[in-house]
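Take a look at the structure below.
There are 2 protein chains.
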Amino acid sequence: MLVDLVNYIKVVSRMKEKTHELLDLLQEAAWFFGNRAFDGYCCEGLSFMEYQALVEIRRTENSSIQDVGKAIKFTKSGATRVIDRLERKGYARRQRSSADGRVCCVAITSRGKSVTSKITENYAAYLDDVLKDLDVRSLEMIADALRFLIAAARPPKVASAKSLPSTRRRSFS
Amino acid sequence: MLVDLVNYIKVVSRMKEKTHELLDLLQEAAWFFGNRAFDGYCCEGLSFMEYQALVEIRRTENSSIQDVGKAIKFTKSGATRVIDRLERKGYARRQRSSADGRVCCVAITSRGKSVTSKITENYAAYLDDVLKDLDVRSLEMIADALRFLIAAARPPKVASAKSLPSTRRRSFS
DNA sequence: CTAGAAAGGGTGACAATGTCAACTAGATTG
DNA sequence: CAATCTAGTTGACATTGTCACCCTTTCTAG
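Order-wise, the sequence lines are chains A and B. Each residue of the first sequence is one higher than the last, beginning at 1 in the numbering used here. Each residue of the second sequence is one higher than the last, beginning at 1001 in the numbering used here.
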């Protein structure tokens, strides 16, 4: 039926509109709260990606270099380089795995812990300032919304490659 | 009263906890939907910041180079460089302002328009895929939440410097 | 048991990117 | 009209992350 077709088109174009609205909102929110909020450099001479790596190292005590690399979407040589820098700065430490002589277990140092805490505190202060006028109900709602988003986007939906098409950047072997 | 103090401390630590929860959620969401979702490179040989610049150029037809630079938080020489690249790639065009011989009005070309559209479509497809299992109510809720966040973070709250402390990167003159 | 493949990690060369400092040229102001 | 301001550009540079290739350790098939 023609009517069905027209309705279908209406529905589709309505959805498209909705997607685009969400898209704009997400982009802008990510701009304000994502890495750009760090101005490219966080503090204590850590770049944003170095910070991310350090957080991952802290989260999973004793992960291999490649694990860290995967978490921040670097090639393995890129991962080597970040760890190099973190180690040189005294925030992380390599140590050969006793179980497998090839892998390097990366561990965070106490200085590393304190620097991640410091950066997190900075960010929390920024957040508090930005969100100070919102009431608890709104904050609750925002947290719920973010949880929905994250649950939807999280890899556990693996099996299907769930990232944007990319012209460069190969992933791991 | 001691009880008041204890309550005060309770409230404060509760808020702190909440802020940290939101912080984690925001960071993770920004990770999934922000620039990193582009894998560093979007397509047609545009980096994420080049894409941002192009979007800004498209949004404000005829802005100066520094305007674009401010929008993406670059120094003016950085802005010059991005525009250089966009022009070389055929996505934007400089033209001296007739009103003021110093300023360069940057305009988007038709190829520029089509490339931004293409990238946006890619992103929309990604979003559709990720959010396909969410119902309309949830999507509505998410959009509302994002609007709250953006309204809170948007500069119009100017006057007070509202960005994270940064050890590097000076802003404009 | 051993040869060869596989896997973790590291390195040199390189390209991309964005900064600073200094410069040019057009606009403004006393 | 001289001094100053402002927009934009450029050279030199530091940072960053990639690729291609290498070494070393582990695994596996015959």
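The beta carbon of each residue, even a glycine, is placed where N, CA and C say it ideally should be. Please read these numbers as outputs of a predicted model, since none were measured by experiment.
Item	Value
Beta-carbon proximity of G90(A) to R111(A), cut-off 8 Å	yes
Counted within 10 angstroms of its Cβ, other Cβ atoms place E1050(B) as buried (16 or more) or exposed	buried
Neighbour list for L1022(B) in chain A, Cβ cutoff strictly below 8 Å	L127, L131, L139, I142, A143 and L146
Inter-residue Cα distance where the pair is G1045(B) and G1078(B)	18 Å
Chain A residues whose Cβ lies nearer than 7 Å to that of E1028(B)	I150
Neighbourhood of R94(A) by C-beta, 7 Å cutoff - its chain only, sequence neighbours within 5 removed	I83, E87, C104 and V106
Reference Y1137(B); option with closest CA among F33(A), F148(A), V55(A) and R137(A)	One point to set straight first is that residue 1137(B) is Arg, not Tyr, in the sequence displayed. Looking at the Cα atoms, F148(A) is the closest of the given residues.
Outcome for L5(A) when other beta-carbon atoms lying within 10 angstroms are tallied against a minimum of 16	exposed
Same chain, Cβ closer than 8 Å to Y1041(B), five either side skipped, listed in chain order	Because Y1041(B) sits at a pLDDT of 49, beneath the cut-off of 50, its placement in the model cannot be relied upon, and the point is left open.
Test: G1034(B) CB closer than 8 Å to a CB of chain A	yes
Contacts of Y51(A) in chain B (Cβ-Cβ under 8 Å)	Per Cβ cutoff of 8 Å: no residues; Y51(A) is ~10 Å from chain B at best.
Rounded C-alpha distance that separates Y126(A) from K132(A)	10 Å
Cα-Cα separation between C43(A) and I119(A), rounded to whole angstroms	7 Å
Under 8 Å between C-beta atoms of A1153(B) and V130(A)	yes
Residue-chain proximity (A1018(B), chain A), Cβ-Cβ < 8 Å	In the sequence as presented, Ala is not what sits at residue 1018(B); that position holds Lys. Chain A, which has a Cβ nearer than 8 Å to the Cβ of K1018(B), makes this yes.
L1127(B): CB within 7 Å of a non-hydrogen atom of the ligand NAD	With respect to the ligand NAD, the structure shown offers nothing to examine, as it has no ligands at all.
Among E1121(B), D1144(B) and M1141(B), nearest to K16(A) - alpha-carbon criterion	E1121(B)
Within 9 Å of chain B by C-beta, residues of the segment 82-101 of chain A in sequence order	none
N- and C-terminal bounds of the alpha helix (DSSP H) containing I1057(B)	F1048 to R1059
Opening and closing residue of the beta strand (DSSP E) in which A1099(B) lies	Careful: A1099(B) lies outside any beta strand (DSSP E) and carries neither H nor E.
Beta carbon of F33(A) nearer than 8 Å to that of L1026(B)	yes
Neighbour-count burial assignment, S1173(B), 16 or more Cβ in a 10 Å radius	Residue confidence is low: S1173(B) scores 31 on pLDDT, short of 50, so the model does not pin down where it sits. Its coordinate-derived value is still stated next. It is exposed - the Cβ of S1173(B) has fewer than 16 other Cβ atoms within 10 Å.
Contact with chain B by L54(A), beta-carbon distance below 8 Å	no
Residue range of the beta strand (DSSP E) that includes I72(A)	It is not in any beta strand (DSSP E) - I72(A) carries neither H nor E in the DSSP assignment.
8 Å Cβ cutoff met for A1145(B) and I142(A)	yes
C-alpha distance - I108(A) paired with E61(A), whole-angstrom precision	7 Å
N122(A) - containing alpha helix (DSSP H), residue span	S110 to L131
Proximal residues of chain A, C-beta to C-beta of T1120(B) below 8 Å	H20 and L23
Partner residues on chain B for A79(A), Cβ-Cβ distance less than 8 Å	Simply none; closest approach about 15 Å.
Boundaries of the alpha helix (DSSP H) in which L139(A) is found, first to last residue	V136 to A153
Spatially closest choice to W1031(B) from R96(A), L139(A) and I72(A), by CA coordinates	I72(A)
CA-to-CA distance, R1085(B) to E1028(B), given in whole angstroms	31 Å
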